[in-house]
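Following: one structure in structure tokens, then a few remarks.
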Amino acid sequence: MAKLNIIASAALAFSCAATTLPSNASDRITGHHFATRSEAMAPTAMAATSQPLATQVALDIMQDGGNAIDAAIAANAVLGLVEPTGNGIGGDLYAIVWDAETKKLHGLNASGRSPQSLTLDYFKENGYESIPARGVLPLSVPGAVDGWFELHDRFGELSMEKILQPAINYAESGFPVTEVIAYYMKRNAEVLKDIPGFADVFMRDGNVPEKGERFKNPDLANTYKILANEGRDSFYKGKIARTISDFVEKHDGFLSYDDLAQHSSTWVDPVSTNYRGYDLWELPPNTQGIAALQILNILEQFDIKAMGHDSPEYIHHFVEAKKLAFEDRAKYYSDPAFNDVPVQGLIDKEYGKKRAQLINSERAGRSFEPGNPPTEGDTIYLTTADKDGNMVSLIQSNYRGMGSGVTPTGLGFVLQNRGELFALDPNHRNVFEPGKRPFHTIIPAFVTKDGKPLMSYGVMGGATQPQMHAQILINLIDFDMNLQEAGDAPRILHTGSSQPTGSIMEDGGVVSLENGFSKNTRRELIKMGHTLQEALGPYGGYQAIWKDHEQDVYIGASESRKDGHAAGY
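Residues -25 to -1, 1 to 544 (mature numbering (1 follows the signal peptide of the UniProt record, and there is no 0)) make up the sequence shown, in order.
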């Protein structure tokens, strides 16, 4: 029989999560017992973010004449200040935008590439078995700022000066640090305090700010002013680029001015699968978004609704579907500029049926092989919607907590450590190569039905994300939960799958269940061969907006495991 372990997971790997939910959140008189609040509803506009100040700024921007795209950029800028544990302009960005004018979805990949002067041989010659998480070696070009300006140039209404001004104001005057963010700042500082530049910004008196303490970041305010006044090129070809490259070179790193100057984002077509009448849209690799589509294609072969949410049958089938999808994720997901990624084959319905046949309904699988499809972190998530029907699904991250910890002098932000997610096996599709985008965990999501925009949502949290994207949709469709309940419901997390960095699952991995699943369900899962492990924190962070076309209103929901909320007008 599998042993029931009781340990805490490494919270730093999932800076975007908080504590687990109680099995009964409160004595509410309506809805499921685990619901923490009602859905937010508004007739004109809606925003949902992981920090209240960012939500308010998004609404203010829209009330001042901006659209959902302007609001999303403004909220992201604020979050880079108030939630540095999860995001910032030293990181990357992905977005899915529903454009009301063209009635189309547009996808943006604003992730950066590895340094041109760093080679696989360097890691081999210096004895590295994997790319380290901290310091200058895992650095890749930060793509977020270019992402902002790409979104703004294509869809924006207000000037970037107006969009960035609220974040500048808070950076100069200070803001009270909220509870979950204060917790993760402290945890990250324990690891990053000696990384060059980190303490100068985030530990100016020797300590990170406590909950409720007013924190200022004048360096970031100045950086935002430069961006507002001088534009995108100030970051990639101007003073900011010089400051980053000089600082990295001083500390024996490889990210250069030329790497920054050559950067560009990529507009991509989102891809989808239909799950019981609803189309879930994700971005293709180098992200892991299609893993959510693969999980749903497999689970569509089973009567999930009849199983019930708190049942060993449902959890077992979900975990096994995830294992199968993640084997393909480990083998195939990589930068399409360097590999022919069989995206359409991986999300093909018949392929999903074949993979579903590998599930033993009574026993947990210890290992699976990747399939043969037909050939053809540490994050924030936010969503906004405006009076014209535009909707934005945006995710942005430093990767692990506060990224690499490397904080260039005078700029006020840390650089991401996405390069850690390359493999060092020369035969792996995701092997490190100069100028290559690493495998990426952050994924925005969007749902349409009958060609109409229905739901913009995301669940931040490393490898948690595709698992939770699928669970949210299952909660809504199979288990008839409302938008808030779908996020508050206890979550299933499987870890230990094979990874795009080269590790292979041989023991079936580990299942962690939030409070709210019954003892009987846990006991039956152990009998089926699953290893259960208590985990504190890695269950993700959810935000969502739903468009009710019949009533012509927006419905918002926000992650109870985070500090933020949904609000509208």
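Ideal Cβ placement from N, Cα and C applies to all residues, glycine included. Quick caveat: nothing in here was measured; it's all calculated off a predicted structure.
In the DSSP assignment, Asp463 falls within the alpha helix (DSSP H) that extends over 458 to 463. Of all C-beta pairs linking the stretch 472 to 490 to the stretch 314 to 326, fewer than three are shorter than 8 Å, placing the two stretches out of contact. In the three-state DSSP reduction, Ala146 falls in the helix class (H, G or I). No residue range can be given for Thr19, since it is assigned to no alpha helix (DSSP H) and is classified by DSSP as neither H nor E. Taking 8 Å as the upper bound for CB-CB distance, Leu274 and Phe301 are not in contact here, some 14 Å apart. Of Met160, Ala70, Val53, the smallest CA-CA separation from Asn144 is found for Val53. By the CB criterion at 8 Å, Glu14 and Leu458 fall inside the cutoff. With fewer than 16 other CB atoms across the displayed protein chains lying within 10 angstroms of its CB, His226 is exposed. Take His415, set aside five residues on each side of it, and the residues of its chain with a beta-carbon closer than 6 Å to its own are Ser86, Asn261, Thr262, in chain order. If you look at Val176, you'll find it isn't in any beta strand (DSSP E); it sits in the alpha helix (DSSP H) that goes 173 to 177.
Taking C-beta separations shorter than 7 Å and ignoring five residues to either side along the sequence, the partners of Gly63 in its chain run Gly55, Asn373, Phe388, Val389, following chain order. Three or more beta-carbon pairs separated by less than 8 Å are not found between the stretch 188 to 198 and the stretch 88 to 104, which leaves the two stretches without contact. Per DSSP, the unbroken beta strand (DSSP E) holding Phe421 starts and ends at 420 to 424.
Secondary structure in the stretch 446 to 515: the alpha helix (DSSP H) runs of 4 residues or longer, each lying completely within the stretch, are 458 to 463, 494 to 502 in chain order.
Proximity to Ala331 across Asn51, His291, Thr354, Leu369 peaks at His291, based on C-alpha coordinates. Judged by DSSP secondary structure, Ser533 falls within the beta strand (DSSP E) whose first and last residues are 528 to 533.
Separation of Asp244 and Leu80 (C-alpha to C-alpha, rounded to the nearest whole angstrom) is 8 Å. DSSP places Ser209 within a helical segment (H, G or I) once states are collapsed to three. Under DSSP, Glu257 shares a beta bridge with Val246. About 6 Å separates the beta carbons of Ser89 and Pro409, which is inside the 8 Å limit, making them a contact pair. Note on geometry: alpha-carbon atoms of Gly364 and Arg217 lie some 40 Å from one another. CA-CA distance, Ile170 to Tyr159, rounds to 17 Å.
Assignment of beta strand (DSSP E) within the stretch 15 to 62, counting only whole runs of 3 or more residues, yields 15 to 17, 21 to 24 in chain order. Cβ-Cβ distances below 6 Å link Trp521 to Met430, Leu458, Ile530 in the same chain, with the five nearest sequence neighbours on each side left out; the list follows chain order. For Gly149 and Ile452, the gap between their C-alpha atoms comes out near 43 Å. When Cβ pairs closer than 8 Å are counted between the two stretches, the stretch 301 to 310 is seen to touch the stretch 395 to 414, the count reaching three or more. Note on geometry: alpha-carbon atoms of Gln269 and Gly327 lie some 7 Å from one another. By a beta-carbon distance limit of 8 Å, Tyr432 contacts Ser368. Their separation comes to about 7 Å. Burial is judged here by how many other beta carbons sit within 10 angstroms of a residue's own beta carbon; His524 has fewer than 16 and is exposed. Contact annotation: Tyr232 and Ser220 have beta-carbon atoms nearer than 8 Å. Distance from the CA atom of Ile156 to the CA atom of Phe9, rounded to whole angstroms, is 23 Å.
8 Å or more divides the Cβ of Gly543 from the Cβ of Leu28. Around the beta-carbon of Trp256, 16 or more other beta-carbon atoms lie within 10 Å, marking it buried.
The Cβ-Cβ distance between Ala164 and Pro441 does not fall below 8 Å.
The Cβ atoms of Thr358 and Ile417 do not sit closer than 8 Å to each other.
If you look at Ala157, you'll find it in the alpha helix (DSSP H) that goes 154 to 167.
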